[in-house]
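>
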Amino acid sequence: MAGIHIHPHDILDEGTEQILNHIGSIGHITTIFPQVNTIFERNPNPIGSLPHNPVHSCVLGNGTIHVALDTKALYPSLYQKVDETISAGADPLKQFQEASKNESYDVVPWLNLLNGHFEGNVAGNAVIDYKGNPIPSWICPNGPDVVPMWTKVIVAISEVYGCQMFMIDRIRYPDWSGVDVNPKEMFTCFCDHCQAKMQASGIDPAKLVADMLQIEANLKEKQFDSAVQFFQESALIKQWVAFRQASVSGFVEELIRCVQKENPSIRFWLDLWPPAYAWILGQDYHRLTKSAPILKHFPYHKLGGGADVQGLIEYFAKTDAEREKAFQAFRALFGLPYTLTYAEFKQKGYPLQFVRAENDKVRALSQPGTKIYSGIQMWNIDTADLLEAVREARASAADDIIYYCYGWAELKHFETIAQFARQQSQNG
4 MAGIHIHPHD ILDEGTEQIL NHIGSIGHIT TIFPQVNTIF ERNPNPIGSL
54 PHNPVHSCVL GNGTIHVALD TKALYPSLYQ KVDETISAGA DPLKQFQEAS
104 KNESYDVVPW LNLLNGHFEG NVAGNAVIDY KGNPIPSWIC PNGPDVVPMW
154 TKVIVAISEV YGCQMFMIDR IRYPDWSGVD VNPKEMFTCF CDHCQAKMQA
204 SGIDPAKLVA DMLQIEANLK EKQFDSAVQF FQESALIKQW VAFRQASVSG
254 FVEELIRCVQ KENPSIRFWL DLWPPAYAWI LGQDYHRLTK SAPILKHFPY
304 HKLGGGADVQ GLIEYFAKTD AEREKAFQAF RALFGLPYTL TYAEFKQKGY
354 PLQFVRAEND KVRALSQPGT KIYSGIQMWN IDTADLLEAV REARASAADD
404 IIYYCYGWAE LKHFETIAQF ARQQSQNG
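The letter at position 194 of the sequence shown is residue 197 when you use the working numbering, and the numbering goes up by one with no holes.
(1) On the three-state DSSP scale, how would you describe residue 141?
(2) State the DSSP-derived secondary structure class of residue 382, mapped to helix, strand or coil.
(3) Can you tell me where the alpha helix (DSSP H) holding residue 227 begins and where it ends?
(4) For residue 341, count neighbouring Cβ atoms within 10 angstroms of its own Cβ and tell me buried if that reaches 16, exposed if not.
(5) Can you tell me where the beta strand (DSSP E) with residue 270 in it begins and where it stops?
(6) What are the start and end residues of the beta strand (DSSP E) that includes residue 305?
(7) Helix, strand or coil for residue 240? Go by DSSP, reduced to three states.
(8) Name the residue from 134, 167, 118, 312 whose alpha carbon lies nearest to the alpha carbon of residue 176.
(9) Report the rounded CA-to-CA distance for residue 325 versus residue 307, giving the unit in angstroms.
(10) For the stretch 204 to 215 and the stretch 309 to 328, state whether three or more C-beta atom pairs, one from each stretch, are separated by less than 8 Å.
(11) For the alpha helix (DSSP H) that contains residue 77, what are its first and last residues?
(12) From residue 251 to residue 63, what does the alpha carbon distance come to, in whole angstroms?
(13) Rounded to whole angstroms, how far is the Cβ of residue 160 from the Cβ of residue 166, which I believe are closer than 8 Å?
(14) If I measure Cβ to Cβ from residue 395 and keep anything under 6 Å in the same chain, skipping five residues before and after, which residues do I get?
(15) Considering Cα atoms alone, identify which of 424, 302, 245 is closest to residue 282.
(16) Does DSSP put residue 314 in a helix, in a strand, or in coil?
(17) How should residue 154 be labelled, buried or exposed, when 16 other C-beta atoms within 10 angstroms of its C-beta is the threshold for buried?
(18) For residue 398, does the count of other Cβ atoms within 10 angstroms reach 16, so buried, or fall short, so exposed?
(19) Between which two residues does the beta strand (DSSP E) containing residue 329 stretch?
(20) Return the CA-CA distance between residue 57 and residue 333, expressed in angstroms with no decimal places.
(21) What does the alpha-carbon distance come out to for the pair residue 65 and residue 429?
(22) Are the stretch 129 to 139 and the stretch 84 to 96 touching by the rule of at least three beta carbon pairs closer than 8 Å?
(23) Which same chain residues, not among the five before or five after residue 32, have their C-beta less than 6 Å away from its C-beta?
(24) Quick check on this structure: which residue in 80, 222, 146, 191 has the alpha carbon closest to the alpha carbon of residue 208?
(25) In three-state terms, what does DSSP make of residue 202?
(26) Measuring only the C-alpha atoms, how far is residue 381 from residue 94?
(27) Run through DSSP, which three-state label would residue 413 get?
(28) Using CA atoms only, rank isn't needed, just tell me which of 228, 142, 180, 168 is closest to residue 195.
(29) Between the alpha carbons of residue 59 and residue 361, how many angstroms are there, rounded?
(30) Which residue comes first and which comes last in the beta strand (DSSP E) that contains residue 299?
(31) Output the boundary residues of the alpha helix (DSSP H) element that contains residue 193.
(32) What residue from 416, 288, 295 has the CA that sits closest to residue 247's CA?
(33) Going by C-alpha distance, which of 299, 121, 413 is nearest residue 383?
(34) Got a sec, what are the start and stop residues for the alpha helix (DSSP H) residue 346 sits in?
(35) Evaluate residue 236 with the Cβ neighbour count: other Cβ atoms within 10 Å of its Cβ, from every protein chain shown; 16 or more gives buried, anything less gives exposed.
(36) Apart from the five residues just before and just after residue 364, which ones in its own chain have a Cβ nearer than 6 Å to its Cβ?
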């Protein structure tokens, strides 16, 4: 059955009674995913206000972890900053567990692994771009302290909170968006650890950088088609894409191996980008689903599949003609078959068929028997489009739905999907 994602500020601001009442009104939610550590994101994103939060109209994530653990003591070489609300006595995960213990929900902590406010030897584990600059708040899957650090934290959370299942998110390299749009974050990683592994796999990092600089030059000259063509034809770029996928898959495999060595009962969900973009960020569905046979991805249609497509186009293009050329080049790079203009995309996003198409791709790419959950957008959307997105997801190869996310959704959206679920149940 379906799931829903909640944030620490939801628990602290609204209280568990209100949250459980609202989620209960939906009627078909069985799994709740409390976010344990935040990312640097506006809630809600990118605009709007939290419709039923009595304390804050919006909340800015600051990359901290919201559990009552001394993360520095667990692994002094690299650790995530503990949120100040924990020091003040709050414990949203424990609070929610206690409030829901007599309910029938599965509570699965949701962890962001490679993006957040980290301290300690951040420089020795950072993601580095093709010009030698560290990417703020990102750590590298090949960083030497990343697997040991997260092994300690996940095992400790399991011991303190009794959790045996975790959702792991941000298991990838940076995309082009975050606090600001910065496409340079895509051309990573050139840390010492990645460069050594590149050379061992037959990639010359200096020659790879030269190809990336050529793509950058094409983009600066507004030669968007040429940039895409060069990207697609460069042998070194192909090797780099494969290298990143192997790095992320290797990271996930080693993390799961290390965690299960300490506690064989712990299992994992994967949170991935939709296939249209996952490949360029280092996510290989075929290999990753060998390690964890249950996943959620997020083909939110109005947001361009979770990607800040509009932000990227506006970064490179300043006139309507340039924006149209950039958007069509973007569609070509990511193999998006939809015949729509940039103006149409800004107004409506991708056609709703995107939801079904991406779910079907996930099924084709994943290992047999993988449980697939389709992320559904619940904010900045009208009820008709919400229902159509749910229908597209249910008509696809996905097993079920995860709604994203509780605190951003209007109450009318809860009512709408509850009515839809009742109608589906009545119709058999």
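We treat Cβ as the ideally placed atom computed from N, Cα and C, and that holds for glycine.
For this structure:
(1) In the sequence shown, counting from the first residue as 1, residue 141 sits at position 138. Three-state DSSP puts residue 141 in a strand.
(2) For the purposes of this step, residue 382 is taken as the residue at position 379 of the sequence shown. Residue 382 falls in the coil class under three-state DSSP.
(3) Locating residue 227 in the sequence shown gives position 224, counting from the first residue. Note, residue 227: alpha helix (DSSP H), 227 to 236.
(4) The count along the sequence shown starts at 1 and reaches residue 341 at position 338. Answer is exposed; the Cβ neighbour count stays below 16.
(5) On the sequence shown, residue 270 is found 267 positions in, with the first residue counted as 1. Unbroken beta strand (DSSP E) run through residue 270: 270 to 275.
(6) Here residue 305 is taken as the residue at index 302 of the sequence shown, counted from 1. No beta strand (DSSP E) contains residue 305, which DSSP labels as neither H nor E.
(7) The count along the sequence shown starts at 1 and reaches residue 240 at position 237. Of the three classes helix, strand and coil, the one that applies to residue 240 here is helix, per DSSP.
(8) Residue mapping note: residue 176 aligns to position 173 of the sequence shown, counting from 1. Out of 134, 167, 118, 312, 118 has the C-alpha closest to the C-alpha of residue 176.
(9) In the sequence shown, the residue the question calls residue 325 occupies position 322. In the sequence shown, the residue the question calls residue 307 occupies position 304. Rounded to the nearest angstrom, the two C-alpha atoms are 19 Å apart.
(10) no
(11) As a first step, residue 77 is located in the sequence shown; it is residue number 74 there, counting from the start. From DSSP, the alpha helix (DSSP H) with residue 77 extends over 74 to 77.
(12) Taking the first residue of the sequence shown as 1, we reach residue 251 at position 248. Taking the first residue of the sequence shown as 1, we reach residue 63 at position 60. Taking the straight line joining both Cα atoms gives about 28 Å.
(13) The residue labelled residue 160 in the question sits at position 157 within the sequence shown. The residue labelled residue 166 in the question sits at position 163 within the sequence shown. With 8 Å as the limit, residue 160 and residue 166 qualify as a contact, their Cβ atoms being about 6 Å apart.
(14) Along the sequence shown, one-based indexing puts residue 395 at 392. Cβ neighbours of residue 395 beyond the five flanking positions: 355, 358, 359.
(15) Numbered from 1 along the sequence shown, position 279 holds the residue referred to as residue 282. Checking every option, the nearest Cα to that of residue 282 belongs to 245.
(16) If you number the sequence shown from 1, residue 314 lands on position 311. If DSSP states are grouped into helix, strand and coil, residue 314 belongs with the helices.
(17) On the sequence shown, position 151 is the one that residue 154 refers to. Residue 154 comes out buried.
(18) Within the sequence shown, the letter at position 395 stands for residue 398. Exposed is the call here.
(19) Here the question's residue 329 lines up with position 326 in the sequence shown. Not the beta strand (DSSP E): residue 329 falls in the alpha helix (DSSP H), residues 323 to 336.
(20) Counted from its first residue, the sequence shown places residue 57 at position 54. Counted from its first residue, the sequence shown places residue 333 at position 330. Looking at the two C-alpha atoms, the distance is approximately 40 Å.
(21) For the purposes of this step, residue 65 is identified with residue 62 of the sequence shown, where counting begins at 1. For the purposes of this step, residue 429 is identified with residue 426 of the sequence shown, where counting begins at 1. If I take the Cα positions, the gap works out to 44 Å.
(22) no
(23) What you label residue 32 is simply residue 29 of the sequence shown in a count that begins at 1. Result list for residue 32: 5, 7, 26, in chain order.
(24) Mapped onto the sequence shown, residue 208 falls at position 205. Considering only alpha carbons, the answer is 191.
(25) Start at 1 with the first residue of the sequence shown, and residue 202 comes out as number 199. Correct three-state label for residue 202: helix.
(26) As a working note, residue 381 is residue 378 in the sequence shown. As a working note, residue 94 is residue 91 in the sequence shown. Looking at the two C-alpha atoms, the distance is approximately 26 Å.
(27) One-based indexing of the sequence shown puts residue 413 at position 410. Here residue 413 sits in coil by DSSP.
(28) Residue mapping note: residue 195 aligns to position 192 of the sequence shown, counting from 1. Of 228, 142, 180, 168, the residue nearest in Cα terms is 142.
(29) Translated into positions along the sequence shown, residue 59 becomes position 56. Translated into positions along the sequence shown, residue 361 becomes position 358. Their Cα atoms are separated by approximately 34 Å.
(30) To locate residue 299, count along the sequence shown from 1; it is residue 296. Where residue 299 is concerned, the enclosing beta strand (DSSP E) stretches over 297 to 300.
(31) Against the sequence shown, residue 193 aligns to sequence position 190. It is not in any alpha helix (DSSP H) - residue 193 carries neither H nor E in the DSSP assignment.
(32) Stepping through the sequence shown from its first residue, residue 247 is reached at position 244. If we check each option's Cα against that of residue 247, 288 comes out closest.
(33) For the purposes of this step, residue 383 is taken as residue 380 along the sequence shown, with counting starting at 1. That would be 413, whose Cα lies nearest to the Cα of residue 383.
(34) Along the sequence shown, one-based indexing puts residue 346 at 343. Note, residue 346: alpha helix (DSSP H), 345 to 351.
(35) Position 233 of the sequence shown holds residue 236. Exposed, because fewer than 16 other Cβ atoms sit within 10 Å of the Cβ of residue 236.
(36) Taking the first residue of the sequence shown as 1, we reach residue 364 at position 361. Once the five neighbours on either side are set aside, the close Cβ partners of residue 364 are 278.
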